[in-house]
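Report on the following structure.
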Amino acid sequence: MVEGAFEELFRTYHPVIVAAAFNRLSDVSDAEDAAAEVFAQAWRRRGAADHVFTIEWLYVTLRNVVGNQYRSRTRHQRRVERAGRHHPAPVEGVSDAVLDVRAAVNRLDQADRELIWMAYWEDLSREEIARILGCTTATLRVRLHRARKKLQDTLGEDATNTEEVSWTSSN
Numbered sequence: 330m331v332e333g334a335f336e337e338l339f340r341t342y343h344p345v346i347v348a349a350a351f352n353r354l355s356d357v358s359d360a361e362d363a364a365a366e367v368f369a370q371a372w373r374r375r376g377a378a379d380h381v382f383t384i385e386w387l388y389v390t391l392r393n394v395v396g397n398q399y400r401s402r403t404r405h406q407r408r409v410e411r412a413g414r415h416h417p418a419p420v421e422g423v424s425d426a427v428l429d430v431r432a433a434v435n436r437l438d439q440a441d442r443e444l445i446w447m448a449y450w451e452d453l454s455r456e457e458i459a460r461i462l463g464c465t466t467a468t469l470r471v472r473l474h475r476a477r478k479k480l481q482d483t484l485g486e487d488a489t490n491t492e493e494v495s496w497t498s499s500n
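When we follow my numbering, the leftmost residue of the sequence shown carries the number 330, and every step to the right adds one.
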């Protein structure tokens with residue numbers, strides 16, 4: 330990959346990868362760090378003659394980077410909670426419904442959480458998601474149906490009215 334091609338890859342997909350990372354990590358700084366790591370890995374592999382960088386490759390790499398950050402963050406949060414200093418900051422300008430949905434999504438296991446983010450906040454096609462996850466679209470539809478059911482159960486009967494929540498990354 331020549332330098333100009335890498336610059337085009339970065340210019341085209343960096344905002345997409347940062348948004349995807351933010352949807353998973355809920356922290357701007359962590360999202361930017363994750364995106365930087367994705368593109369650092371792409372930069373290191375740019376000379377591989379047989380390697381083609383696709384959006385799927387970027388998402389799979391992001392998935393691995395985010396998994397590493399989750400493990401690191403979980404260890405850190407446990408230390409902070411043990412120290413008794415865990416006080417989440419309030420979020421201003423975001424509706425309660427959006428916060429409820431995001432909190433419910435974040436309580437899902439990592440696989441279900443990824444499906445919901447990719448399908449609804451990142452607007453990836455079912456085919457793209459299937460390629461990223463290495464499964465068929467039929468399998469993806471089943472997994473997505475189950476993830477939505479778990480999300481609905483997590484939200485509870487009283488909070489299932491999410492009509493005011495836009496399922497896009499602008500929230």
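Backbone N, C-alpha and C fix where the C-beta goes; we use that ideal spot for every residue, glycine too. Computed from a prediction, not measured in an experiment: that's the story for all the values here.
- Secondary structure at VAL427: helix, using DSSP grouped into helix, strand and coil.
- In this structure, the straight-line span from the alpha carbon of ALA350 to that of GLN481 is close to 23 Å.
- Excluding the 5 residues flanking it on each side, GLY396 has same chain C-beta neighbours closer than 8 Å at GLN439, in chain order.
- The beta carbon of ARG477 sits closer than 7 Å to no other beta carbon from its chain once the five residues preceding and following it are set aside.
- In this structure ILE461 is in contact with GLU385, their Cβ atoms being roughly 5 Å apart against a cut-off of 8 Å.
- Here the alpha carbon of GLU443 sits roughly 21 Å from the alpha carbon of ALA371.
- A direct Cα-to-Cα measurement between THR468 and GLU456 gives close to 11 Å.
- The three-state reading of DSSP puts GLU451 in coil, since its state is none of H, G, I, E or B.
- With a 10 Å radius around the Cβ and a threshold of 16 neighbouring Cβ atoms, ARG373 comes out exposed.
- THR383 sits in coil when the DSSP states are folded into three classes, being neither helix nor strand.
- ASP429 and GLY485 have their alpha carbons spaced roughly 11 Å apart.
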